[in-house]
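Plus 3 on top of the position in the sequence shown (first one is 1) and you've got our numbering. The beta carbon of each residue, even a glycine, is placed where N, CA and C say it ideally should be. Report on the following structure.
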Amino acid sequence: MSAFSETPQTRSTQRLAWGVTGGLVVVELLVISLLYQHNFEFTCRDLAPDGFCAFASRIVPRILGLLAAFGVFAMAHGALVQDTLRVPGPIRSGVSLSLAGFALALAPWFFLSDAASPALVFAGGAGWLVGAALAGIGAALILAPWPAWRGLIAQKGVLLATLLAAGLALPELSDLIQPLWRADWVTEITFQAVLWVLNAVGYGTEAYPETKIIGILGATEAENFFVAVGPQCSGVEGFALISVFLTVYMLLFRRDLAFPHALLLFPIGIVLSWSFNVVRIAALLSLGYEVSPDLAIGGFHSHAGWLAFTTLSVGLILVARHVAFFNKAEAVATAPAPLPPFFEDPVAAKVLPFAIFMVSALLASTFSETPSLLYPFRALAMAAALALFWSVLRALPWRLDGLAVGSGLAIGVLWIVTGPEAGNGPPPFGALTGGMLALWITARVIGTSLLVPVIEELLFRGYLLEKLAPAGKGLRMAIAVVISAGLFAVLHDRWIAAGLAGLVFGALVYRSGNVTDAIVSHGAANASIAAWALATGAWHII
Numbered sequence: 004m005s006a007f008s009e010t011p012q013t014r015s016t017q018r019l020a021w022g023v024t025g026g027l028v029v030v031e032l033l034v035i036s037l038l039y040q041h042n043f044e045f046t047c048r049d050l051a052p053d054g055f056c057a058f059a060s061r062i063v064p065r066i067l068g069l070l071a072a073f074g075v076f077a078m079a080h081g082a083l084v085q086d087t088l089r090v091p092g093p094i095r096s097g098v099s100l101s102l103a104g105f106a107l108a109l110a111p112w113f114f115l116s117d118a119a120s121p122a123l124v125f126a127g128g129a130g131w132l133v134g135a136a137l138a139g140i141g142a143a144l145i146l147a148p149w150p151a152w153r154g155l156i157a158q159k160g161v162l163l164a165t166l167l168a169a170g171l172a173l174p175e176l177s178d179l180i181q182p183l184w185r186a187d188w189v190t191e192i193t194f195q196a197v198l199w200v201l202n203a204v205g206y207g208t209e210a211y212p213e214t215k216i217i218g219i220l221g222a223t224e225a226e227n228f229f230v231a232v233g234p235q236c237s238g239v240e241g242f243a244l245i246s247v248f249l250t251v252y253m254l255l256f257r258r259d260l261a262f263p264h265a266l267l268l269f270p271i272g273i274v275l276s277w278s279f280n281v282v283r284i285a286a287l288l289s290l291g292y293e294v295s296p297d298l299a300i301g302g303f304h305s306h307a308g309w310l311a312f313t314t315l316s317v318g319l320i321l322v323a324r325h326v327a328f329f330n331k332a333e334a335v336a337t338a339p340a341p342l343p344p345f346f347e348d349p350v351a352a353k354v355l356p357f358a359i360f361m362v363s364a365l366l367a368s369t370f371s372e373t374p375s376l377l378y379p380f381r382a383l384a385m386a387a388a389l390a391l392f393w394s395v396l397r398a399l400p401w402r403l404d405g406l407a408v409g410s411g412l413a414i415g416v417l418w419i420v421t422g423p424e425a426g427n428g429p430p431p432f433g434a435l436t437g438g439m440l441a442l443w444i445t446a447r448v449i450g451t452s453l454l455v456p457v458i459e460e461l462l463f464r465g466y467l468l469e470k471l472a473p474a475g476k477g478l479r480m481a482i483a484v485v486i487s488a489g490l491f492a493v494l495h496d497r498w499i500a501a502g503l504a505g506l507v508f509g510a511l512v513y514r515s516g517n518v519t520d521a522i523v524s525h526g527a528a529n530a531s532i533a534a535w536a537l538a539t540g541a542w543h544i545i
């Protein structure tokens with residue numbers, strides 16, 4: 004046991020070290036990613052070894068993989084990692100080393116081109132690799148001095164090295180999974196099952212097993228509707244998604260589940276996922292034949308899979324929590340404490356509105372060719388979901404924190420200035436005019452500025468952080484902030500900007516322990532973005 008006594012000054016230095024490290028990593032990754040992807044006139048594979056080019060071209064996901072791998076290690080060996088990071092390292096020296104490495108990694112951008120000599124290419128590649136390593140080492144030395152890291156390596160060096168290697172190889176591991184999508188036997192079974200379903204409900208069908216093309220025949224050739232059941236439609240992707248989801252769920256709620264019974268949820272989930280996929284493809288064909296080919300291909304095809312995945316995930320959670328076979332029945336002598344009424348339950352208030360928010364998006368995208376037109380109905384659903392939990396929301400410790408507002412406005416500006424150019428397609432409100440357009444704009448502004456921040460923050464910075472780090476402080480909380488930011492980023496198309504925003508919102512909760520600070524910051528960010536869209540007509544920016 005360590006005899007070290009933590010003081011307020013030490014905690015302040017720890018927060019500074021984590022803040023500096025986080026800022027360095029984010030800025031360095033962002034700059035390297037943007038510069039090397041734009042205005043870099045160098046065709047790597049024509050001038051450098053393929054292995055190096057393959058490694059360098061995916062450096063950002065590799066670094067994210069390293070961070071995720073260390074997060075997994077920290078979750079498994081929390082006490083050891085916490086002891087390692089108890090005393091921060093020399094911040095100034097670590098920053099200097101990291102910036103020197105960053106400059107070395109950035110140098111090839113200035114002098115490498117397609118006209119570079121082999122010697123110059125070699126020097127640039129070597130400098131890039133050494134610079135990236137120095138930048139990482141410098142960041143690590145900010146968090147803890149070398150003797151502390153050496154002690155960690157001496158105890159768990161092999162395991163840590165294995166996890167970090169897996170993190171570095173994450174893009175390649177992802178590539179290895181891709182051939183599973185081309186499992187011909189799964190595609191064949193799916194194809195035959197879809198054909199059986201269509202015939203069972205009375206459709207006239209035509210199928211070409213060699214090319215996996217299947218269609219519904221109409222009275223004329225023009226009414227026929229065909230689709231190809233490719234490898235990506237076999238259902239294997241759904242197997243992977245539901246398996247990952249169940250794995251994460253079981254890790255988070257392992258104390259509540261009865262093992263090995265709970266492991267049966269894996270085959271149940273996989274079979275149901277495949278069944279949903281068969282029904283989805285059959286429904287796609289029916290929708291394209293009966294209603295609109297454009298709606299079937301452009302909307303339903305893109306989003307019905309996620310709707311099915313969401314439905315199945317929620318269903319499996321309900322089964323795991325309410326079927327005694329899968330969960331632990333607590334044997335207690337006294338009567339259990341009564342649960343609060345559903346609409347006064349803080350957990351339900353943090354989860355259910357987000358589920359309704361996501362389902363409304365999936366339904367709009369699945370059954371409409373222009374889902375953005377339906378936003379007023381989505382806003383109404385979100386408002387109703389929050390209204391059901393008004394007593395819980397009213398009891399939150401609301402306050403208007405200056406740092407929360409300021410950071411939110413900064414995020415809004417970042418989102419606007421890094422936003423994409425407007426496309427050539429129709430505006431999100433379609434051909435609406437007059438009062439209907441005013442209603443759409445009102446719903447869009449209110450939903451974006453008020454409803455979405457509350458719903459998203461209650462889940463990501465409320466429910467998730469409480470589950471991952473019940474104490475609300477320390478290393479576990481810092482890791483939880485990063486995890487919630489990563490999941491938040493996945494929810495958005497512009498994942499880098501969203502990930503940065505998620506880190507800021509999480510840092511606010513880490514600082515105060517108050518989720519309303521994150522809601523206020525998110526609201527300020529979204530309100531500034533909505534105001535820009537309203538003033539300029541750039542609704543695509545939201």
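Applying the 10 Å Cβ sphere with the 16-neighbour rule, what's the burial state of residue i?
i	result
His325	exposed
Leu468	buried
Thr539	exposed
Arg397	exposed
Gly437	exposed
Ile217	buried
Leu37	exposed
Trp21	buried
Lys353	buried
Arg381	buried
Asn280	buried
Val485	buried
Gly187	Checking the displayed sequence, the identity of residue 187 turns out to be Asp instead of Gly. So Asp187 counts as exposed.
Between the C-alpha atoms of residue i and residue j, what's the straight-line distance to the nearest angstrom?
i	j	result
Leu453	Pro430	22 Å
Ala446	Met385	11 Å
Thr165	Glu424	42 Å
Ala210	Trp199	11 Å
His264	Leu254	15 Å
Leu442	Pro379	7 Å
Gln158	Ala474	26 Å
Gly291	Gln17	58 Å
Ile273	Asn517	39 Å
Pro52	Leu115	15 Å
Leu471	Gly68	19 Å
Leu19	Arg514	12 Å
Asp117	Ile35	19 Å
Ala481	Ala504	15 Å
Lys476	Ala59	36 Å
Glu168	Asn427	In the sequence on display, residue 168 carries Ala and not Glu. Rounded to whole angstroms, Ala168 to Asn427 spans 44 Å at the Cα level.
Arg48	Gly170	24 Å
Leu406	Leu102	28 Å
When every heavy atom of the ligand NAP is checked, does at least one fall within less than 8 Å of the C-beta of residue i?
i	result
Pro111	Here there are no bound small molecules, and the ligand NAP is not part of this structure.
What does a CB cutoff of less than 7 Å around residue i pick up in its chain, not counting 5 residues either side in sequence?
i	result
Phe269	Ser246 and Leu249
Ile359	Ala384, Met385 and Ala388
Leu391	Phe346
Ser546	Only positions 4 to 545 of the chain appear in this structure, which leaves residue 546 out of reach.
Ala541	Ala425 and Trp535
Can you round the beta-carbon distance between residue i and residue j to whole angstroms, since I take them to be within the 8 Å contact cut?
i	j	result
Gly241	Trp277	7 Å
Val133	Leu107	6 Å
Asn227	Gly221	5 Å
Arg464	Val512	5 Å
Gly81	Arg479	6 Å
Ala534	Ile545	About 11 Å separates the two Cβ atoms, so there is no contact after all.
Gly154	Thr87	7 Å
Val556	Phe312	In the structure as shown, the chain begins at 4 and stops at 545. Residue 556 is therefore absent and cannot be evaluated.
CB-CB under 6 Å to residue i, same chain, minus the five flanking residues each way: which ones, in chain order?
i	result
Ala110	Gly130
His543	Ala425
Phe229	Ile216 and Gly218
Leu144	Gly92 and Gly97
Suppose the cutoff is 8 Å on Cβ atoms and the five residues either side in sequence are ignored; what does the same chain contact list for residue i look like?
i	result
Ala136	Gly104
His495	Ala501
Trp112	Leu38, Tyr39 and Phe43
Pro174	Arg61, Pro64, Arg65 and Gly68
Leu315	Ile245, Gly272, Leu275, Ser276 and Phe279
Phe357	Ile458, Glu459, Leu461 and Leu462
Could you name each continuous beta strand (DSSP E) segment of 3 residues or more that falls completely within the stretch 259–316, going from the start of the chain to the end?
none
Could you name each continuous beta strand (DSSP E) segment of 3 residues or more that falls completely within the stretch 207–246, going from the start of the chain to the end?
Counting only unbroken stretches of 3 or more residues, the beta strand (DSSP E) elements lying wholly within the stretch 207–246 are 208–211, 216–219 and 228–231, in sequence order.
At what residue ranges does the stretch 90–174 contain a whole run of the alpha helix (DSSP H), taking only runs of 4 or more?
94–109, 111–114, 121–146 and 149–171
Which ranges would you report for the alpha helix (DSSP H) in the stretch 503–527 if only whole runs of at least 4 residues count?
none
Which ranges would you report for the beta strand (DSSP E) in the stretch 351–403 if only whole runs of at least 3 residues count?
You should have found no qualifying run.
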